[in-house]
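Residue numbering for the sequence shown follows this note's numbering, beginning at 327 and increasing consecutively. Backbone N, C-alpha and C fix where the C-beta goes; we use that ideal spot for every residue, glycine too. Comments concern the structure below.
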Amino acid sequence: MPRNTRTKKNILITGVTSTVGRHLAKHLYNDRRVGLIFGVAKEEMPYYFRDLDKSRFIYRTVNILKPREMKNLFYSKAFKNANINTVVHLAFYNKPLKGEDVHELNVEGTKRLLDMCLQVGHITKFVFKSSDIVYRLKPTNPVYLDENAELNFDPHADQWIRDRVGADMICRAMMDNKKMNIVILRFSSIFGRDVTSQFNAYFDSRVIFKTLGFNPMINLVHMSDVIKALSLAVFKNVRGVFNIGGKDTAPITTFAEISGSLFVSLPEPLMGPANWIQRRLGLTRYYYSVDADRQKYMCLLDMRKAKKILGYEPEGHLHL
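In structure tokens form, the structure reads like this:
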């Protein structure tokens, strides 16, 4: 380990093999303010990390959301020697799976990770990648939602939403601690190559179904802006919740036309069955149950706080 890593950011990235994790790891690896990166994921180390200097990038195959594996990692010699002072938490099931075991890993796993970070005492920053999916969407909402907007506590909401809200709330509940700055970034739907996101799957569908009678404005965020926001959260001496959106905002129909896919409007009662058939036939990776409200109501983020405190300004343009 380089001698000067104690004066630099030594960063644990969970879910480092995700598209966001891979881009973030390589971006931070090239930043002189970073001493080393400790990446963890459930998979064996992928080929694209093999060319990185092993003294500055350490990889471990760990399911960080499982209690025993997390404890083994934190108490390992390699982890202790890394002098980790910052955690970026990206590990989350990246598609809407259901079941108590999924909830246990997504929500309780996040809580255990936060507890462990506070317990070890040398971690001073915890960055959690959240989503605009946590907001409750309704026709009476203002055009732009700020960080104090109502969250979706509907017990009948899709588990994907409920788990996101639960993990987000756990991070918020611990934000007043004196040991560690916690930053929650609520992103608009991320759009780009190899990205697993709702709208990425939606506009990549062979046939795009839209709820008849509705055409809400949506905002998509480019991967370069996602990495910029996460980096700002890592290096800025801040804590709190920040909305992070992209530069491109337009009605659903505009993005659908640009995508070039066949576009069909359906009555709301038919949207769920049509989406189920599409997924059964392998024609889409999109889950309508997650976005039923977003198909009708706008979810545009007020980013004034991120601009003022983080210095965040979106720059990336999308290419569908």
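Starting from residue i, trace the alpha helix (DSSP H) both ways and give me its first and last residue.
| i | result |
| --- | --- |
| THR580 | 578 to 585 |
| LYS648 | The structure shown does not extend to residue 648, since the chain spans only 327 to 646, so no value can be given for it. |
| GLY492 | 485 to 499 |
Using a Cβ-Cβ cutoff of less than 6 Å, which residues in the same chain neighbour residue i once the five nearest sequence positions on both sides are dropped?
| i | result |
| --- | --- |
| SER381 | none |
| LYS634 | none |
| GLU594 | THR537 |
| LYS437 | ILE496 |
| VAL521 | THR345 |
| ALA499 | none |
| LEU399 | VAL388, PHE405 |
DSSP beta-bridge partners for residue i?
| i | result |
| --- | --- |
| PHE517 | HIS548 |
| VAL366 | THR340, ARG386 |
| HIS415 | THR340, PHE454 |
| ILE635 | Answer is none; ILE635 lacks a bridge partner. |
| ARG512 | SER456, ASN569 |
| MET543 | PRO577 |
| PHE535 | VAL590 |
| LYS335 | VAL360 |
| LEU627 | LEU471 |
Return the chain-ordered list of same chain residues with a C-beta closer than 8 Å to the C-beta of residue i, the five sequence neighbours on each side being excluded.
| i | result |
| --- | --- |
| VAL616 | PRO422, ILE459, ASP484, TRP486, ILE487, GLN524 |
Looking only at its chain, what residues have a beta carbon closer than 7 Å to the beta carbon of residue i, apart from the 5 residues adjacent to it on each side?
| i | result |
| --- | --- |
| MET506 | CYS443, LEU444, ILE449, THR450, LYS451, PHE452 |
| ASP619 | LEU463 |
| ALA417 | THR340, GLY341, ILE390, LEU391 |
| PHE479 | VAL491 |
What number of angstroms, rounded off, separates the C-alpha of residue i from the C-alpha of residue j?
| i | j | result |
| --- | --- | --- |
| LEU592 | ILE516 | 25 Å |
| LEU627 | LYS403 | 43 Å |
| PRO481 | LEU546 | 27 Å |
| SER585 | TYR528 | 10 Å |
| MET624 | MET543 | 6 Å |
| LYS631 | LEU607 | 43 Å |
| LEU362 | TYR461 | 35 Å |
| TYR373 | ALA351 | 14 Å |
In chain order, which beta strand (DSSP E) runs of at least 3 residues are fully inside the region 557 to 618? 566 to 570, 574 to 577, 588 to 592
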